[in-house]
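Below: the structure, in structure tokens.
Residue numbers (UniProt numbering): 1 to 308.
Shown next, in the form of structure tokens:
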């Protein structure tokens with residue numbers, strides 16, 4: 001028989017939004033827990049360098065994630081990294097979160113589960129994932145020291161990853177489906193300082209040949225339809241993210257793309273359930289907006305708990 005815990009609040013996710021919510025919830029002296037079944041810190045932990053977070057001219061994502069975790073825990077937040085969530089049941093009257101070991105019955109919930117990388121849309125992706133197709137330059141970049149590397153994408157994540165990978169790459173080719181990069185101008189300038197970098201616009205990867213490693217990449221020009229071959233040893237993919245909302249789809253209103261719909265107070269369609277960070281519907285998704293969401297969600301959850 002699993003033990004039941006009655007809490008004021010459960011925060012699901014320990015990325016920047018969830019950790020910020022934890023800091024504010026601690027200050028409000030709420031009885032709460034943060035549940036996280038992946039890396040504490042979320043996506044920022046995989047970012048080589050962060051240059052746009054106030055107070056830090058430059059800091060690695062891993063270091064910033066550690067500082068956020070330390071701050072949250074020093075404030076009194078409890079983070080459980082090892083008890084996976086099996087199911088949730090949300091209603092206006094009751095919220096139930098069942099993990100491997102515990103059944104939580106909180107008055108309020110903050111969902112800050114973030115997003116995961118979209119896979120490279122080729123038939124060979126599953127076969128070659130981890131064998132040439134990768135999604136984390138910090139984790140896997142060193143494997144390709146002196147090799148030919150391809151980066152797919154044109155946003156900040158792709159360009160920042162490409163900059164990091166230049167230290168290993170013999171040649172580095174950025175493949176982007178549009179006519180120009182979307183990354184910040186400063187990052188683009190930094191990337192183009194490297195002589196071993198080549199940009200390919202209006203181009204998509206159609207196939208990746210190979211059984212246990214990449215032998216050939218088939219590219220397609222999106223304007224002319226012409227196909228070409230590219231020899232490379234690795235592909236690092238940064239083509240966007242998908243929100244982690246599978247657990248909540250039966251209870252919460254989602255957008256076509258799977259993001260949680262909220263109002264300006266980050267309330268969902270269920271009273272007492274809030275969403276913060278990249279998991280929710282919004283125009284801008286940045287580290288600073290995730291932290292902003294976390295603080296708002298915690299303050300609104302505290303108000304809801306006090307009045308319920």
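Just so it is clear, CB atoms sit at the ideal spot from N, CA and C, and this is done for glycine as well.
Keep in mind the model is a prediction, meaning the values are calculated, not measured.
Worksheet entry | For residue 209, the first and last residue of its enclosing beta strand (DSSP E) | Counting from 1 along the chain shown, the entry for residue 209 is found at position 209. Where residue 209 is concerned, the enclosing beta strand (DSSP E) stretches over 203-209.
Item to complete: With distances taken Cα to Cα, identify the nearest neighbour of residue 299 among 2, 180, 11, 6.
Response: The residue you call residue 299 lines up with position 299 of the chain shown. Of 2, 180, 11, 6, the residue nearest in Cα terms is 11.
Worksheet item: Per the contact definition of three or more C-beta pairs closer than 8 Å, is the region 95-104 in contact with the region 226-239?
Response: No: fewer than three Cβ pairs fall under 8 Å.
Worksheet item: In terms of residues, what are the limits of the alpha helix (DSSP H) holding residue 173?
Response: Numbered from its first residue, the chain shown carries residue 173 at position 173. Per DSSP, residue 173 belongs to no alpha helix (DSSP H); it is in the beta strand (DSSP E), 171-175.
Practice prompt. Note down the Cα distance separating residue 55 from residue 185, rounded to an integer number of angstroms.
Written response: In the chain shown, counting from the first residue as 1, residue 55 sits at position 55. In the chain shown, counting from the first residue as 1, residue 185 sits at position 185. Distance between the alpha carbons of residue 55 and residue 185: 21 Å.
Worksheet item: Skipping 5 residues on each side, what residues in its chain have a beta carbon closer than 8 Å to that of residue 178?
Response: In the chain shown, counting from the first residue as 1, residue 178 sits at position 178. Same-chain partners within the cutoff: 154, 201, 202.
Discussion item. Considering only the alpha carbon of each residue, which of 149, 261, 267 lies closest to residue 213?
Written reply: Residue numbering aside, residue 213 sits at position 213 when the chain shown is read from its first letter. Of the listed residues, the one whose Cα sits closest to residue 213 is 149.
Worksheet item: Between the region 255-264 and the region 151-168, do at least 3 Cβ pairs fall closer than 8 Å?
Response: no
Discussion item. Quick test of your reading: residue 20 and residue 294, contact by CB under 8 Å. State the CB separation rounded to the nearest angstrom.
Written reply: Taking the first residue of the chain shown as position 1, residue 20 is located at position 20. Taking the first residue of the chain shown as position 1, residue 294 is located at position 294. Right, their Cβ atoms sit about 3 Å apart.
Worksheet entry | residue 68 to residue 217 span [Cα, whole Å] | For the purposes of this step, residue 68 is identified with residue 68 of the chain shown, where counting begins at 1. For the purposes of this step, residue 217 is identified with residue 217 of the chain shown, where counting begins at 1. If I take the Cα positions, the gap works out to 40 Å.
Practice prompt. Look at the alpha carbon of residue 275 and the alpha carbon of residue 61, and state the distance between them as a whole number of angstroms.
Written response: What you label residue 275 is simply residue 275 of the chain shown in a count that begins at 1. What you label residue 61 is simply residue 61 of the chain shown in a count that begins at 1. Going from the Cα of residue 275 to the Cα of residue 61 covers about 23 Å.
Worksheet item: For residue 187, does the three-state DSSP call read helix, strand or coil?
Response: As a working note, residue 187 is residue 187 in the chain shown. Correct three-state label for residue 187: helix.
Discussion item. If I follow the unbroken alpha helix (DSSP H) through residue 159, where does it start and stop?
Written reply: Indexing the chain shown from 1 puts residue 159 at position 159. Unbroken alpha helix (DSSP H) run through residue 159: 156-165.
Practice prompt. Please state if the CB of residue 269 and the CB of residue 252 are separated by a distance shorter than 8 Å.
Written response: As a position in the chain shown, residue 252 is number 252, starting the count at 1. As a position in the chain shown, residue 269 is number 269, starting the count at 1. Contact flag set, yes.
Worksheet item: Assuming residue 207 contacts residue 124 under a Cβ cut-off of 8 Å, what Cβ separation, rounded to an integer in Å, is found between them?
Response: Your numbering for residue 207 matches position 207 in the chain shown. Your numbering for residue 124 matches position 124 in the chain shown. About 7 Å separates the two Cβ atoms, so the contact holds.
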